[in-house]
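When the count follows this note's numbering, it moves up by one through the sequence shown with no breaks and lands on 308 for the last residue.
Written out below as structure tokens is the structure these notes cover.
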Amino acid sequence: MKEPIEIAQNVRTALGRGAPVVALESTVIAHGLPDKTGIEAAAAMAKEIDSEGCTPAVIGIIEGKIKVGLSDEEIKRLAESEDVMKLSTREIAEAIVAKKDGATTVAATMSIANSTGIPVIATGGIGGVHRGANESWDISADLWELAKTPSLVVCSGAKSVLDLPATLEWLETHQVPVYGFGTDELPAFYSRKSGLKAKKLDSPKDVSEMYLARLSLGQRSAMVLAVPIPEKDEVDLSDEIEQAIAAAKEQKIAGSELTPWLLSHIQQLSGGKAVSANLSLLANNAKVAAQVAAVMLGERDVKRIGYR
Ligand code: PSU
Ligand code: MN
1 MKEPIEIAQN VRTALGRGAP VVALESTVIA HGLPDKTGIE AAAAMAKEID
51 SEGCTPAVIG IIEGKIKVGL SDEEIKRLAE SEDVMKLSTR EIAEAIVAKK
101 DGATTVAATM SIANSTGIPV IATGGIGGVH RGANESWDIS ADLWELAKTP
151 SLVVCSGAKS VLDLPATLEW LETHQVPVYG FGTDELPAFY SRKSGLKAKK
201 LDSPKDVSEM YLARLSLGQR SAMVLAVPIP EKDEVDLSDE IEQAIAAAKE
251 QKIAGSELTP WLLSHIQQLS GGKAVSANLS LLANNAKVAA QVAAVMLGER
301 DVKRIGYR
């Protein structure tokens, strides 16, 4: 990516020293959660990453400038402003040209983190194949990016608003491995269970070893690490999810609006349960991502073996 990227001083210093950095997406902050909770989530994730001895770097676009390592004020601005674009990789250029603010999805975050040399990304849930995609063709652009950018994406799987079996099939076809962290079942975001299989990796060391082995082979697809939500915060929101999907269908919500619309609808229907579960899994994923980054970059230089 030739477009200049502004890297925050602390992130630049960490990268220069070969110290571990964890990249965070900003769409969940700007569009995936209520304003105040978005700010809270970013702070909680940063705190977990710090406490593992790593540097957090929230990625986003402010007035057309790509930034790696948003300040607290910039995070607040993305959370509170009504005029923030949702950017997948293809829309990054549009935000630059229009000098707009934009929040990056998992896809856009991967693309920018890759250009910056940051391999590990933490998020809540990746996008995937939407239910009814055989008619709507709604398949998240996150999947295409996962197929071609060798990041390590730490998440809690994909939400069951999606067609999870189809999402797993898509990832298999496109050579994106999905590992469960300490589990052989794919977690489904608010819930630890999905009924679907994942390959199990037990420790940050095992995750790091697998990721580095893939890079050594020159494999250019991403690796997904799916971490179940902490047990105490797990909630069953299957009714709320079904209701939200039915309402979206009735109101003909589609395109990039659909995911944020479904999320905010589920949050309303669940009376706060969805938001607190979401906060819990985001912080936990940030912690696991930092643990993996710490082991990985402490021992070997990822750039040297060809991340970029
Ligand atoms: N999952 C969440 N919260 C979110 C998202 C996913 O729990 O906010 C965001 C992520 O940024 C993800 C994007 O990359 O939604 C996917 O959107 P779409 O389905 O339109 O590709
Ligand atoms: Mn979509």
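Glycine included, each C-beta is placed from N, C-alpha and C at the ideal position.
Excluding residues up to 5 positions away in sequence, R192 lie with their Cβ nearer than 8 Å to the Cβ of E231 in the same chain. Distances between the C-beta of D163 and the heavy atoms of the ligand PSU are all 7 Å or more.
In the structure shown, the three-state DSSP call for V106 is helix. In terms of Cβ geometry, L186 and V178 form a close pair [threshold 8 Å]. Secondary structure note for T183: it is in no beta strand (DSSP E), with a DSSP letter that is neither H nor E.
With a contact defined as Cβ atoms closer than 8 Å, H31 and K86 qualify at about 5 Å. Taking C-beta separations shorter than 6 Å and ignoring five residues to either side along the sequence, the partners of S270 in its chain run L237 and E240, following chain order. DSSP, read as helix, strand or coil, puts H31 in helix.
Of all alpha-carbon atoms in V154, L164 and L262, the one lying nearest the alpha-carbon of P228 is that of V154. Pairing T89 with T183, the inter-Cα distance amounts to about 31 Å. Counting C-beta pairs with one atom in each stretch, the stretch 47 to 62 and the stretch 103 to 119 have three or more that are closer than 8 Å, which means they touch. Counting C-beta atoms within 10 angstroms of its own C-beta, E25 has 16 or more neighbours from the protein chains shown and is therefore classed as buried. Looking only at A277, L217, D142 and T27, the smallest Cα-Cα distance to A188 is reached by A277.
Cα atoms of K67 and L15: separation of roughly 15 Å, rounded to the nearest angstrom. The continuous stretches of beta strand (DSSP E) do not include V11, which lies in the alpha helix (DSSP H) extending over residues Q9 to R17. Restricting attention to alpha helix (DSSP H) runs no shorter than 4 residues, the stretch 169 to 249 encloses them at 204 to 216, ordered along the chain.
Between the stretch 163 to 176 and the stretch 259 to 269, the count of Cβ pairs shorter than 8 Å is below three; the stretches do not touch. The straight-line gap separating the alpha-carbon atoms of D163 and V97 is approximately 35 Å.
Shown here, I118 sits in coil according to DSSP, grouped into three states, outside any helix or strand. Judged by beta-carbon spacing, G64 lies beyond the 8 Å limit of A294, meaning their Cβ atoms are not closer than that value.
Exposure of T13 is indicated by the presence of fewer than 16 other C-beta atoms within 10 angstroms of its C-beta.
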